[in-house]
Amino acid sequence: PSIFALCQNSLIAENVGMAMQRIYHDAKIESNLYISAINHEGAVKL
Numbered sequence: 002p003s004i005f006a007l008c009q010n011s012l013i014a015e016n017v018g019m020a021m022q023r024i025y026h027d028a029k030i031e032s033n034l035y036i037s038a039i040n041h042e043g044a045v046k047l
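Below is the structure:
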């Protein structure tokens, strides 16, 4: 399963991501954490 969180800054994103990973870890579910900035431009035609 995938879960997402939109956060105000990278520090909050890191804390939220780690909390989500702890929940998965406690449930014995393998997970990967990816943190990325939001793209404010949107899609562009190439």
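To get our numbering, take the position in the sequence shown, counting from 1, and add 1.
Heads up, the beta-carbon is just placed ideally off N, CA and C, and yes, glycines get one too.
Just so you know, these numbers come straight off a predicted model, no measurement behind them.
Query                                                                                                   : Result
So for Gly-43, helix, strand or coil by DSSP?                                                           : coil
So Ser-11 and Ile-36 are in contact, right, with Cβ under 8 Å, and what is the actual spacing, rounded? : 7 Å
Going straight from the alpha carbon of Gln-48 to that of Ala-38, what length do you get?               : Absent from the structure is residue 48, since the part of the chain shown begins at 2 and ends at 47.
The alpha helix (DSSP H) spanning Leu-34 covers which residue range?                                    : Taken as a continuous stretch (DSSP letters only), Leu-34 belongs to no alpha helix (DSSP H), as it is neither H nor E.
What first and last residue would you give for the alpha helix (DSSP H) that runs through Ala-14?       : 11-27
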